[in-house]
């Protein structure tokens, strides 16, 4: 029985994780934006038919809450960043398996793959931390 390659297992695990998280973030982003659009479109309509002010004000408050959740959780940023990282990891996998690109001339293609995968993951993590810091600054500007 052939022993599993920990480098390829790590790569496959990271591809699967980034793919799942990208899909999750995309779903949340689209759901939140869809709800904001519906609520925003309903406000002038409800005002035109003289709906209760409480309902109209409630929709306005709902928009603020939904946009705040998007800002806090950065679903759009995560969707795009995670998808980009997932595709970059897949690219490395295919180059490695085809013994192409930088792997064609590498003395140790497996070690090079491990280094490049970890570099991609580390870069994405650094971008994630930076985005969280920016979101925190934005929320602090809004005040308590």
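Residue numbers (the numbering used here): 1499 to 1642. C-beta: ideal position from N, C-alpha, C; glycine also.
Query                                                                                                                                                                                : Result
Give me, in chain order, the residues of the same chain whose beta-carbon lies closer than 7 Å to that of residue 1512; leave out the 5 immediate sequence neighbours on both sides. : 1587, 1615, 1619
Under 8 Å: do the stretch 1567-1575 and the stretch 1529-1546 share three or more Cβ pairs, one atom per stretch?                                                                    : yes
I need the straight-line Cα distance from residue 1610 to residue 1627, nearest angstrom please.                                                                                     : 26 Å
In its own chain, which residues sit with a C-beta less than 8 Å from the C-beta of residue 1514, not counting the 5 before and 5 after it?                                          : none
How many whole angstroms separate the CB atoms of residue 1552 and residue 1541, which I take to be in contact at a CB cut-off of 8 Å?                                               : Not really, about 13 Å apart at Cβ, beyond 8 Å.
Let's see if you can read the secondary structure: which residues bound the alpha helix (DSSP H) around residue 1542?                                                                : 1504-1546
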